[in-house]
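Have a look at the structure below before the remarks.
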Amino acid sequence: MTRFGIIGTGRITRRLVADLQSTPSVSVTAIASRQQERADWFASQYGIANAVCGYDELLRRDDVDAVYVSLPPALHATWCVAAARAKKTILCEKPLACNVQQAEEIANACKAEDVRWIDATAYLHHRRTQEMRAIAQRGDLGKIGHVSASVSFYRPFQDGEHRLDKRLGGGCLLDLGWYTVSLACLMAGSVPERVFADHAVVENDVPIRTSATLWFPGHVTATLSFGYDTSTRKWFEVAGSDASLICDDFTRPWADRPSRFWIHDANGSVTSNEISDRQEIRMIETLVGSESLEEYNRLSLLTQRVLSQLDRSAKQSTPVKMTEPTEHNPSSLSESTCE
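Using this note's numbering, the letters of the sequence shown map in sequence onto residues 5 to 343.
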């Protein structure tokens, strides 16, 4: 039995706690907040035995084997590194960090302490994603030429929303861009050579809508769109020389529909495919299991690198090569918070 402690009591926490409690061989033994009253309320609502005031206090507990870090991005590096030093398995909410330097600090701390870790990008663990990737990579679509991906939600904000606060790592680039960039790299099966981005809408110094282009080896390209000012979208297309693959809910399947995707061939024929799974539970099982996490860790660090270069491109209004040094503090984040 792997015993989880929860660091943070935000909106996303509520959803994943139920998944943790539904996963075989996993239990939730404690939850920590900076305020005792908030920890008490959350623990009572979700049947968690121990409400803890302070994140350090949770990491010192001997009834916690693993942690779910559900804090704003600007706090991820601090508490993931602390968790690694406390020998706790780590599930970190995405994005992994604010910048490449912080992401590498997390990875290095986990490596030094022999701690397993992944970011909580659940769609990567869905059996449907694995099958769609296999279809793209084994040549069923012909030669892959282009990937398109869009993720957006119209003003999904609450009071005190960290996604609108640059000091906390706010903005659609780190939030929704994490999905589209990871998806493009996964389906292209390689590292982009250069990238370009435009923060088309900016509020309070954080990007609200961004468009991006990625150039991969072999003349493979990707166009990405993500933001907070258009209707809900979570779709992608992989276009090959013979057919294309389309999925309309890759980040999280629609609640009232089967997990599905389609293959459109050059003659207009369409094949529908359905693959059921519970991606969050599979993600948790992967983390606490014994299989290698190297591929997930590598994609996480690559996604962080690409996002940093996209932000650099948006600031410079020009394409940026991935071989150019990354900037540690993207323009949408305060230097003092994310250094």
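Note that beta-carbon positions come from the ideal geometry of N, C-alpha and C, so glycine has one too.
Model, not experiment: these values are computed from the prediction.
query: I'd like to confirm the pairing. Which residues does DSSP put opposite aspartate 202 in its beta bridges?; result: Ser215
query: Is it buried or exposed, proline 160, if we count other Cβ atoms within 10 angstroms and call 16 or more buried?; result: exposed
query: Within the same chain, show all residues whose beta-carbon is closer than 6 Å to that of glycine 9, passing over the 5 residues directly before and after it, in chain order.; result: Ala34, Leu62, Val68 and Val71
query: In angstroms with no decimal places, state the Cα-to-Cα distance between methionine 326 and aspartate 281.; result: 35 Å
query: I believe histidine 130 touches glutamine 283 by the beta-carbon criterion, under 8 Å. Please report the beta-carbon distance rounded to the nearest angstrom.; result: 4 Å
query: How many Å lie between aspartate 144 and threonine 17 at the Cα?; result: 39 Å
query: Could you compute how far the alpha carbon of isoleucine 94 sits from the alpha carbon of isoleucine 122?; result: 7 Å
query: Can you grab the Cα-Cα spacing for the pair serine 4 / alanine 140, in whole Å?; result: There is simply no residue 4 to check, as the chain begins at 5 and stops at 343 in what is shown.
query: Could you tell me which residues DSSP pairs with tryptophan 121 in its beta bridges?; result: Ile94
query: Check whether the Cβ atoms of proline 196 and alanine 226 lie closer than 9 Å to each other.; result: yes
query: For cysteine 102, list the residues DSSP reports as bridge partners.; result: According to DSSP, which records beta bridges pairwise, cysteine 102 is partnered with nothing at all.
query: Which residues in the same chain have their Cβ closer than 7 Å to the Cβ of leucine 190, if we skip the five residues on either side of it in sequence?; result: Arg137 and Leu303
query: DSSP on lysine 359, reduced to helix/strand/coil?; result: No answer is possible for residue 359: it lies beyond the span of the chain, which begins at 5 and ends at 343.
query: Would you mind stating whether serine 317 and asparagine 103 have Cβ atoms separated by less than 9 Å?; result: no
query: Taking contact to mean 3 or more Cβ pairs, one atom from each stretch, closer than 8 Å, check whether the stretch 207–222 and the stretch 249–268 are in contact.; result: no
query: Is serine 26 helix, strand or coil by DSSP?; result: helix
query: Taking 9 Å as the cut-off, decide whether the C-beta atoms of threonine 214 and valine 199 are in contact.; result: no
query: Would you kindly work out how many angstroms separate the C-alpha atoms of arginine 132 and leucine 100, rounded to a whole number?; result: 23 Å
query: Residues in its own chain within less than 7 Å of valine 85 by CB, not counting five upstream and five downstream?; result: Glu109, Ile110 and Ala113
query: Pick helix, strand or coil for tryptophan 258, following the three-state DSSP scheme.; result: coil
query: Please state if the CB of glycine 174 and the CB of glycine 244 are separated by a distance shorter than 9 Å.; result: no
query: Indicate the three-state DSSP secondary structure (helix, strand or coil) for tyrosine 127 in the structure shown.; result: helix
query: Under three-state DSSP, which class holds aspartate 44?; result: helix
query: If you run the structure through DSSP and keep just helix, strand and coil, what is alanine 70?; result: strand
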